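A.B. asks:
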Amino acid sequence: MVRPDFQLLLAQPIFLCTLILFAIGWFITFISACVIGSLEPLLWVIIFYNLFLLLGVTLAVSTDAVHTYRLAIVAYIAGSLSLTFSLINLTINVYYAEYHAAAAGLIFQSFALIFWITFFGAEDDSLAKRSLNSFAVPRTPGAVTSNTVAHGAGSPEQQYQQQAQAELSSVVVTPAADYAYKARALYSYEANPEDSNELGFVKGEILDIVDNKGKWWQARKQDGTVGIAPSNYLQLI
Numbered sequence: 334m335v336r337p338d339f340q341l342l343l344a345q346p347i348f349l350c351t352l353i354l355f356a357i358g359w360f361i362t363f364i365s366a367c368v369i370g371s372l373e374p375l376l377w378v379i380i381f382y383n384l385f386l387l388l389g390v391t392l393a394v395s396t397d398a399v400h401t402y403r404l405a406i407v408a409y410i411a412g413s414l415s416l417t418f419s420l421i422n423l424t425i426n427v428y429y430a431e432y433h434a435a436a437a438g439l440i441f442q443s444f445a446l447i448f449w450i451t452f453f454g455a456e457d458d459s460l461a462k463r464s465l466n467s468f469a470v471p472r473t474p475g476a477v478t479s480n481t482v483a484h485g486a487g488s489p490e491q492q493y494q495q496q497a498q499a500e501l502s503s504v505v506v507t508p509a510a511d512y513a514y515k516a517r518a519l520y521s522y523e524a525n526p527e528d529s530n531e532l533g534f535v536k537g538e539i540l541d542i543v544d545n546k547g548k549w550w551q552a553r554k555q556d557g558t559v560g561i562a563p564s565n566y567l568q569l570i
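Mind the numbering: the sequence shown is residues 334 to 570 in this note's numbering, read in order.
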């Protein structure tokens, strides 16, 4: 089972801000619905719907599963937008403070939902997605994470890095190899200038892969550059 890595949320500051905005809007709407009671049953539908959507997008980003569930996420967001706009129109025209508060919470959520349509729906090579990715915080090679500090020298992260470095020395680049797979870069990677075999790439770039075994994969960029890349930075497509 894939464990959520909340550092992936921190690596997407704009998405994180919209996530917080959505959560605040949801909380305002929930409190307002508690005051309104059962007079507006559709309001409770959108509350539970958006709660599951909030949890779903958080898990998708924190487990690096966005590309796997992308179409489903966009479909759920579209459904939420439709219900949200309908309820904004319904609640904003009722002259009671609790209804106006509910409308304000729904408006906050709608701002986040509109952004998420682009964030989850745009192709990686589109101008919109490249612009959003430019704000992402890349993971630098060999960076020490909070989990590494907490667990000490024997942590899984350090063990992975040690194994990767040991395997790196045994990888031989074969220019005439058969590239049977394709992978998308989850993060940007800057190749070690002291190792001519390493291959640098940017987040979202598509690479051809020879084999998907081991910590380092032989890869080829679209311009024909060949080298080895860390497998934990890539996702097969």
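Beta carbons: idealized from backbone N, C-alpha and C, even for Gly. In this text the structure is predicted, and so the values were computed from the model without any measurement.
What number of angstroms, rounded off, separates the C-alpha of ASN545 from the C-alpha of PRO563?
C.D. replies: Counted from its first residue, the sequence shown places residue 545 at position 212. Counted from its first residue, the sequence shown places residue 563 at position 230. In a straight line, the C-alpha of ASN545 is about 11 angstroms away from that of PRO563.
A.B. asks: Could you check what DSSP says for TYR514 in three-state terms: helix, strand or coil?
C.D. replies: For the purposes of this step, residue 514 is identified with residue 181 of the sequence shown, where counting begins at 1. Strand at TYR514.
A.B. asks: Buried or exposed for ASN466, please, with buried defined as at least 16 other CB atoms from any protein chain shown within 10 angstroms of its CB.
C.D. replies: Start at 1 with the first residue of the sequence shown, and residue 466 comes out as number 133. Buried is the call here.
A.B. asks: Along the chain, which unbroken stretches of the alpha helix (DSSP H) at least 4 residues long are found entirely within the region 348 to 434?
C.D. replies: 374 to 395, 399 to 424
A.B. asks: In terms of DSSP beta bridges, what is ILE542 paired with?
C.D. replies: Position 209 of the sequence shown holds residue 542. In the DSSP assignment, ILE542 forms a beta bridge with TYR514, ALA552.
A.B. asks: Can you name the start and end residues of the beta strand (DSSP E) that LEU567 belongs to?
C.D. replies: The residue given as residue 567 occupies position 234 in the sequence shown. Residue range 567 to 569 is occupied by the beta strand (DSSP E) that includes LEU567.
A.B. asks: Checking the sheet assignment: what are the DSSP bridge partners for PRO563?
C.D. replies: On the sequence shown, position 230 is the one that residue 563 refers to. The partner list for PRO563 (beta bridge, DSSP) reads TRP549.
A.B. asks: Tell me the DSSP bridge mates of PHE534?
C.D. replies: As a first step, residue 534 is located in the sequence shown; it is residue number 201 there, counting from the start. Note: PHE534 sits in a beta bridge opposite TYR522.
A.B. asks: Quick one, are the C-beta atoms of GLN442 and PHE385 less than 7 angstroms apart?
C.D. replies: By 1-based counting over the sequence shown, the position of residue 442 is 109. By 1-based counting over the sequence shown, the position of residue 385 is 52. The answer is no: Cβ separation not under 7 angstroms.
A.B. asks: Mind checking whether TYR514 and LEU567 have CB atoms under 7 angstroms apart?
C.D. replies: Against the sequence shown, residue 514 aligns to sequence position 181. Against the sequence shown, residue 567 aligns to sequence position 234. No. Outside cutoff.
A.B. asks: Determine whether the beta carbon atoms of LEU341 and VAL394 lie at a separation below 7 angstroms.
C.D. replies: In the sequence shown, counting from the first residue as 1, residue 341 sits at position 8. In the sequence shown, counting from the first residue as 1, residue 394 sits at position 61. Contact flag set, yes.
A.B. asks: In whole angstroms, give me the CA-to-CA distance for ALA510 and VAL543.
C.D. replies: Counting from one through the sequence shown, the residue named residue 510 turns up at place 177. Counting from one through the sequence shown, the residue named residue 543 turns up at place 210. Taking the straight line joining both Cα atoms gives about 7 angstroms.
A.B. asks: Below 8 angstroms on the Cβ atoms is my guess for VAL407 versus GLY454; work out the distance and round it to an integer in Å.
C.D. replies: Numbered from 1 along the sequence shown, position 74 holds the residue referred to as residue 407. Numbered from 1 along the sequence shown, position 121 holds the residue referred to as residue 454. Indeed, because the Cβ distance is near 5 angstroms, the residues count as touching under 8 angstroms.
A.B. asks: Closer than 8 angstroms by C-beta to ARG403: which residues in its own chain qualify, once you throw out the five before and the five after it? Chain order, please.
C.D. replies: Position 70 of the sequence shown holds residue 403. Cβ neighbours of ARG403 beyond the five flanking positions: PHE453, GLY454.
A.B. asks: Please list the terminal residues of the continuous alpha helix (DSSP H) segment that includes ALA469.
C.D. replies: Looking up residue 469 in the sequence shown gives position 136. Taken as a continuous stretch (DSSP letters only), ALA469 belongs to no alpha helix (DSSP H), as it is neither H nor E.
A.B. asks: Out of VAL535, VAL559, ASN426, TYR512, which has the shortest C-alpha to C-alpha gap to ASP528?
C.D. replies: To locate residue 528, count along the sequence shown from 1; it is residue 195. Nearest option by C-alpha distance: VAL559.
A.B. asks: Less than 6 angstroms between the CB of TRP550 and some heavy atom of the ligand MG, yes or no?
C.D. replies: Looking at this structure, you won't find the ligand MG or any other ligand, since it has none at all.
A.B. asks: Given LEU439, which residues of its chain have a CB within under 8 angstroms of its CB, disregarding the five upstream and five downstream residues?
C.D. replies: Indexing the sequence shown from 1 puts residue 439 at position 106. Cβ within range, chain order: GLY358, THR362, ILE379, THR417, LEU420, ILE421, THR424.
A.B. asks: What does the alpha-carbon distance come out to for the pair ALA552 and LEU460?
C.D. replies: Translated into positions along the sequence shown, residue 552 becomes position 219. Translated into positions along the sequence shown, residue 460 becomes position 127. One C-alpha to the other measures close to 25 angstroms.
A.B. asks: Excluding the 5 residues preceding and the 5 following SER365 in the sequence, name in chain order all residues of the same chain whose CB lies nearer than 7 angstroms to its CB.
C.D. replies: Translated into positions along the sequence shown, residue 365 becomes position 32. Contacts found: GLU431, ALA434, ALA435, GLY438.
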